[in-house]
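Q: The structure follows.
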Amino acid sequence: MLAASGLWPRLAGANGAFPAVSQLLADPAHDAHLVLRSNFGLLITRDRGQNWDWVCEAGLGYQNIEPAIAILTEGTVIAALPNGIARGASECSFELADGLSAYVADVARVPNAPGGAVAVSVDIERGVSQVWNTRDGGKSWQPLGAPLDELNAATLDIAGDEQGTLYVSGVSQSDTVKGVLARSSDAGQTWTRSDVPGVSKVSAPYIAALSADDAQTLYVRLSGSPGRLLVTHDGGARFSPVLDFDGPVDGFALSPDGRYAMASSRVDGVWRARTEDLAFERLSCQKLRCLSWTSAGLFGCADEFQAGFLVGESSDAGLSFEPRLHMSCVRGPVSCDSESSVARACDASWPAQSEQLGMDCASAGFTPKDECGSGGSAGARTNGGAAGSIGGSAAGRANVGTPGGGCSLAAPGHASAPWRLSLAILLWAAARRLRRRARNPGLFRPA
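In my numbering, the protein residues as written are 27 to 473.
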């Protein structure tokens, strides 16, 4: 039942799967420290994207999932695992934290609390979720408040207000599949539940962001395709749809000053709105899988053969993104003492991983055609429940980007994108085989 709702840990399929990325975080205390989650481990930079190093899945203690991650104020990285929480005070040593050994769905840093974080675990058989907290940088975890019955949690977040308002989103399956948002203002002792509209067996509600200035305002995205973004200004009592996509709502972020909201999709491009009216307009057709907008800057992550990079940075509030990481430019395993747990797990597997990523960083990068899918709901938006329109047709959306001008749109439907991506992957694979043959022709000699 839980799998039907999309709440199992995301399977990465790293063994043989095409490399992909899906979450990018900035260290709250050090702008140059960024961590990127991929389906083959974590990629870490400490020089604001100039160099990226790899920590393999085995180095963190998991395989073939994409765990939710968080960076605590002292730079410690924590990851939600099926058997607890992995904690790394440095990139060279990850270990399971004490006190929590259940399946963990999500983790989040507590704002303005050095060493503080919260997590939510799920007992899948019983359909019960439990919030946990730590005050020692993730070393040990304790239950926080009462369990949440009849709720399979998907995400949680915590506001920076005095009460530390907690939110947990997920699915209740007691009778029918129903989206739920649970809120607590007393450290989980009591919970208020609200229904999240639009949830089905193939979608689930995920907390996209909390307003930094208003603990009652939060954004929720519905998974799957078509995707939808909702907002509530009263802690979940009422939800309003603000953006509909043909594809999934992959990325969402609020600007550090709280004035702008930004959403992205692999199908629908990059959209931005003022938070005062949430009237979204499309800025570009770049296909971003995630967004991170903090004092460190505005970053997006993407598929290399869709966007031309794994990580890009925008200096113009989302109109364009300049590459900060290409797939073939990952340097290799993070530099660690040979006896460290990460070195023992990752060094031996790097040759095979580097073959998959490619090793010709000097010639990395290309300019993909800037296309957006058309038709359907990609151009439609709703604001506070009232329908609006920013070009519901290809003709009406022909000038987008400045904002408003400048990307060429595909014909109705999305037929053009898949064959271009498939062709790019085939070309990449052929080039990789040629590079391998050039380095070691003996491997290809007939017996």
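Heads up, the beta-carbon is just placed ideally off N, CA and C, and yes, glycines get one too.
Remember, predicted model here, so these are calculated numbers, not experimental data.
Do Glu-302 and Gly-323 have their CB atoms nearer than 9 Å?
A: Cβ distance not < 9 Å, so Glu-302 and Gly-323 don't count as in contact.
Q: May I have the straight-line CA-CA distance separating Pro-169 from Leu-192, to the nearest angstrom?
A: Pro-169 and Leu-192: Cα-Cα distance of roughly 14 Å.
Q: Based on DSSP bridge pairs, tell me the residues matched to Ile-97.
A: Answer is Val-103, bridged to Ile-97.
Q: Count the other CB atoms, across all protein chains shown, that sit within 10 Å of the CB of Ser-64; report buried if there are 16 or more and exposed otherwise.
A: Per the 10 Å Cβ criterion, buried.
Q: Quick one: what does DSSP say Glu-83 is sitting in, helix, strand or coil?
A: If DSSP states are grouped into helix, strand and coil, Glu-83 belongs with the helices.
Q: Is it buried or exposed for Thr-218, if we count other Cβ within 10 angstroms and need 16 for buried?
A: The residue is exposed, with fewer than 16 neighbouring Cβ atoms inside 10 Å.
Q: When you compare the region 354 to 364 with the region 380 to 388, are there three or more beta-carbon pairs, one atom per stretch, that lie closer than 8 Å?
A: A contact exists between the region 354 to 364 and the region 380 to 388.
Q: Check for me: the alpha helix (DSSP H) holding Arg-370 runs from which residue to which?
A: Note, Arg-370: alpha helix (DSSP H), 367 to 372.
Q: Compute the distance between the beta-carbons of Val-225 and Gly-253, then report whether it is under 9 Å.
A: Cβ atoms of Val-225 and Gly-253: not closer than 9 Å.
Q: If I'm right that Ser-291 touches Phe-271 with Cβ under 8 Å, what's the distance once you round it to whole angstroms?
A: About 5 Å; that satisfies the 8 Å criterion.
Q: Look at the alpha carbon of Ser-195 and the alpha carbon of Leu-248, and state the distance between them as a whole number of angstroms.
A: Looking at the two C-alpha atoms, the distance is approximately 11 Å.
Q: Following the continuous alpha helix (DSSP H) through Ala-378, name the residue where it begins and the one where it ends.
A: Here the alpha helix (DSSP H) through Ala-378 covers 376 to 383.
Q: Report the rounded CA-to-CA distance for Cys-398 versus Val-133, giving the unit in angstroms.
A: Whole-angstrom Cα-Cα distance: 33 Å.
Q: Residue ranges of each alpha helix (DSSP H) run of no fewer than 4 residues wholly in the region 290 to 363, ordered along the chain?
A: Listed in chain order, the complete alpha helix (DSSP H) runs (minimum 4 residues) inside the region 290 to 363 are 330 to 333.
Q: I'd like to know whether the C-beta of Ala-369 is nearer than 9 Å to at least one C-beta of chain C.
A: Protein chains in the displayed structure number just one, and chain C is not present.
Q: What did DSSP end up calling Ala-179 once you bin it into helix, strand or coil?
A: DSSP places Ala-179 in strand when its eight states are reduced to three.
Q: Between Pro-137, Gly-190, Ile-95, Arg-161, which has its C-alpha nearest Ala-131's C-alpha?
A: Looking at the Cα atoms, Ile-95 is the closest of the given residues.
Q: Would you call the CB atoms of Glu-100 and Ala-115 closer than 9 Å?
A: In this structure, Ala-115 lies closer than 9 Å to Glu-100 by Cβ.
Q: Using a Cβ-Cβ cutoff of less than 6 Å, which residues in the same chain neighbour Phe-306 once the five nearest sequence positions on both sides are dropped?
A: Leu-269, Trp-297, Ala-299, Arg-407, listed in sequence order.
Q: Among Gly-214, Leu-309, Asp-79, Pro-45, which residue has its Cα nearest to the Cα of Leu-60?
A: Considering only alpha carbons, the answer is Asp-79.
Q: Please report how far the alpha carbon of Ser-367 lies from the alpha carbon of Cys-118, in whole angstroms.
A: Each residue's alpha carbon lies about 7 Å from the other.
Q: Between which two residues does the beta strand (DSSP E) carrying Tyr-232 extend?
A: 231 to 236 is the span of the beta strand (DSSP E), which, as asked, contains Tyr-232.
Q: Using 10 angstroms around the beta-carbon of Arg-285, count the other beta-carbons present and answer buried if the total reaches 16, otherwise exposed.
A: Exposed is the call here.
Q: Cutting at 8 Å between CB atoms, please list the residues of its own chain near Thr-393, excluding the five before and the five after it.
A: Taken in chain order, the residues that qualify are Gly-334.
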